[in-house]
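Colleague:
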Amino acid sequence: MQLTNLLPAAVLLASTTSATTFKNFQDISCKAWNETYVKVTKEELQKVVQNGYATARVTETGASVYFNTPDQRKKCPPNSENNFKWIDVPQWSEGYPKGPGFGASVAAIYYKETDTYALCRNMGNVQPNGYAGLCDVYSP
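Quick look at the structure:
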């Protein structure tokens with residue numbers, strides 16, 4: 036096979052395979068259930084969201100309603116399905132007697148047309164006072 040036959044195939048393959056992209060991800064420390072701050076790196080959050088998005092439950096409120104301020108819409112515009120999901124962050128709920136699902140999560144939107152995840156909001160684990168724990172980075 037000649038090199039001239041392989042070159043168009045290689046260019047086509049390179050143009051059709053794209054890497055997943057991530058918007059708004061950064062290192063974040065949130066309060067765990069025992070009131071200590073636990074840092075999760077940008078890369079760890081990307082893995083948590085990418086691995087957990089498919090099985091996370093779709094929220095009842097549409098993204099266009101939930102993220103409704105100009106800043107929120109700029110950061111996390113609605114996707115074609117107008118949905119988003121809360122994804123549990125295990126590092127923030129580790130050891131919590133009731134398990135995951137009590138805060139300790141991030142809200143994210145997936146844009147299938149561009150294979151992009153956007154991190155939109157974060158929340159620490161529920162605290163002894165019943166409120167969600169704070170994070171060092173507030174994502175409104």
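The opening position of the sequence shown corresponds to residue 36 in my numbering, with each subsequent residue numbered one higher.
In this text, a Cβ means the ideal position worked out from N, Cα and C, and glycines have one as well.
1) Apply the 10 Å Cβ neighbour rule to residue 123 and answer buried if 16 or more other Cβ atoms are within range, or exposed otherwise.
2) Can you tell me the Cα-Cα spacing of residue 152 and residue 55, whole angstroms?
3) Does the Cβ-Cβ distance between residue 67 and residue 129 come in under 8 Å?
4) Rounded to the nearest angstrom, what separates residue 97 and residue 72 at their Cα positions?
5) In the DSSP assignment, the beta strand (DSSP E) including residue 92 goes from what residue to what residue?
6) Where in the region 118-152 do unbroken runs of the alpha helix (DSSP H), each at least 4 residues long, occur, reported from the N-terminal end onward?
7) Reducing DSSP to helix, strand and coil, say where residue 99 ends up.
Modeller: Short version:
1) Taking the sequence shown and counting its residues from 1, one reaches residue 123 at position 88. That one is buried.
2) Here the question's residue 152 lines up with position 117 in the sequence shown. Here the question's residue 55 lines up with position 20 in the sequence shown. Taking the straight line joining both Cα atoms gives about 8 Å.
3) Taking the first residue of the sequence shown as 1, we reach residue 67 at position 32. Taking the first residue of the sequence shown as 1, we reach residue 129 at position 94. Result yes, Cβ atoms of residue 67 and residue 129 sit closer than 8 Å.
4) Counted from its first residue, the sequence shown places residue 97 at position 62. Counted from its first residue, the sequence shown places residue 72 at position 37. Across the structure, residue 97 and residue 72 are spaced so that their CA atoms are roughly 30 Å apart.
5) Residue numbering aside, residue 92 sits at position 57 when the sequence shown is read from its first letter. Residue 92 -> no beta strand (DSSP E), and no H or E assigned at all.
6) Runs of the alpha helix (DSSP H) lying entirely within the region 118-152 and spanning at least 4 residues, in chain order: 125-128.
7) On the sequence shown, residue 99 is found 64 positions in, with the first residue counted as 1. Of the three classes helix, strand and coil, the one that applies to residue 99 here is helix, per DSSP.
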